Every structure is written in C-alpha cells, then in structure tokens.
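Engineer:
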Amino acid sequence: MDRRLFLATALLVGSTAVAAIAQTAPPTRVRGTIAALDGNNLTVNSRDGQKLAIVLKDPVTVATVKKVELSAIEPNSFIGTATRTGADGKLTAIEVLVFPEAMRGTGEGFYPWDLEPGSMMTNGTVKGAVTAASGRELTIGFKDSSNTVYVPPTAPIVTFAPATRDDLKLGAPVFLIAMKNADGTLAAARVTVGKDGVAPPM
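Going by our numbering, the letters in the sequence shown line up with residues 1 to 202, in that order.
(1) What do you reckon, are the CB atoms on T192 and A63 nearer than 8 Å?
(2) Given 8 Å as the limit, is there contact between the stretch 92–108 and the stretch 65–76, that is, 3 or more CB pairs closer than that?
(3) Under three-state DSSP, which class holds R84?
(4) Along the chain, where does the beta strand (DSSP E) containing A189 start, and where does it finish?
(5) Under 7 Å Cβ to Cβ from A155, same chain only, skipping five residues before and after it: list those, please.
(6) Quick check: what's the CA-CA separation for G89 versus P59?
(7) Taking the alpha-carbon of Y111 as reference, which of T159, L42 and S146 has the nearest alpha-carbon?
(8) Which residues mark the beginning and the end of the beta strand (DSSP E) in which S145 is found?
(9) Report all residues from its chain with a CB closer than 7 Å to the CB of G171; omit the five preceding and five following residues, and keep chain order.
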C-alpha cells in the first residue's frame, strides 16, 4: 500500500474511533445548586463540591417537579424509581418519579444509579400495587422482567411540571444529565429545577 494512502487511512480510522468514543461516553449526572447563569452558560455547585460549567443547548427544555400522592400511581403508569437493596435482596424506593405519558419508555430497564452508593434505577410500567398490610408496594414491569419495590412514607414522589428559564435562579436546586463534548466541555438539552420548596429528588 502506498505510504501516503496508508497514513491517510490510519488517520481516518483513528479519527472515527475517537469520534465513536466521544459519542458513546457515558452521560454526566449533575446534582447541585445554581451558582451562575450567563446566557447559555450554566455553572452548578455540585453536591460533591465541584463547580461545573455546562453549556445549555438552544433551545433548552426547563422543567420542575411537583409532589404527588402514591395513590395517584395507577396500573399502567410509567415511573422511574431509584432504590436501595436490603440484605434480603428486596428493593426500597429512595424516590419515585411519575413520567408524563409523552415520556413513556424513557430509560426503561433496571440498572445502576448514582443517587447514593449502590443504588439502582427501575424505569417501567406499573403492573399492579400490592394491597398488603403496608399497601406501599409497586410491581414495575420493564422489557421481559419486573421488580417489586417498597415505597416508604419518607420517599418523595413527584412528577414533572412546566418551568421556564426564569426559574433558573441563583441557589435553585437542579438535576440534569449532561453529555461530554469531544473537547471535554459539558452540554445539556434539559434542566430540571426545584421551585416552591420541592427539589428534584432524582
């Protein structure tokens, strides 16, 4: 093979690999409070003490959360719940998010989550509520499996509600999922901000 052709091919393959790695880089979940907002440049004081700079995509979707009662979760509701696993293997909810119908299917499955060490996330469809003595167990179906999750009275239960950029105020609690660009900067298309005393529990 001609040396110039070989070098060009190697460069193309290398560039493609780098691009693929960048595109498949895991998302960065950001939890914290707003330190500053300058145009589309959001700065967050993260819960681990870092000051993170995130570029908000234009247009950015801003949402908030509002509390709902456990009784509002019906069979066929699509929910997400972060859980901790007990010594007996049973799952206990740390929080529950009831998705709007338009977001059905978001993140469906059972996988590690980073709300606290060892936590897991179950996103799926409520197949039934167990009316046992506690009355606080949900059966959640996802793909070809299901989980039964106990929801303690202390677990916040929320759903999304509309918000605007004006709600991105200094000190407001936020949760967002940012993607890392090839240059290492973080970018996000959606921000969930706390208001009226309700913080995103995710």
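Quick reminder that beta carbons are idealized off the backbone N, C-alpha and C, glycines included. None of these values were measured; they are calculated from a predicted model.
Structural biologist: On the basis of the coordinates in this document:
(1) Residue 192 sits at position 192 when you count from the first residue of the sequence shown. Residue 63 sits at position 63 when you count from the first residue of the sequence shown. Yes, Cβ-Cβ distance for T192 and A63 is below 8 Å.
(2) yes
(3) Taking the sequence shown and counting its residues from 1, one reaches residue 84 at position 84. Strand at R84.
(4) Taking the first residue of the sequence shown as 1, we reach residue 189 at position 189. That run of the beta strand (DSSP E) goes L186 to V193.
(5) Against the sequence shown, residue 155 aligns to sequence position 155. Within the same chain, A155 has close Cβ partners A93, I94, E95 and V96.
(6) As a position in the sequence shown, residue 89 is number 89, starting the count at 1. As a position in the sequence shown, residue 59 is number 59, starting the count at 1. About 43 Å.
(7) As a working note, residue 111 is residue 111 in the sequence shown. When only C-alpha atoms are compared, the closest one is S146.
(8) Translated into the one-based positions of the sequence shown, residue 145 becomes position 145. It spans S145 to Y150 - the beta strand (DSSP E) in which S145 sits, taken as one unbroken run.
(9) In the sequence shown, residue 171 corresponds to position 171, counting from 1. Within the same chain, Cβ atoms closer than 7 Å to the Cβ of G171 are found at T33 and I34, the five residues on either side in sequence being excluded.
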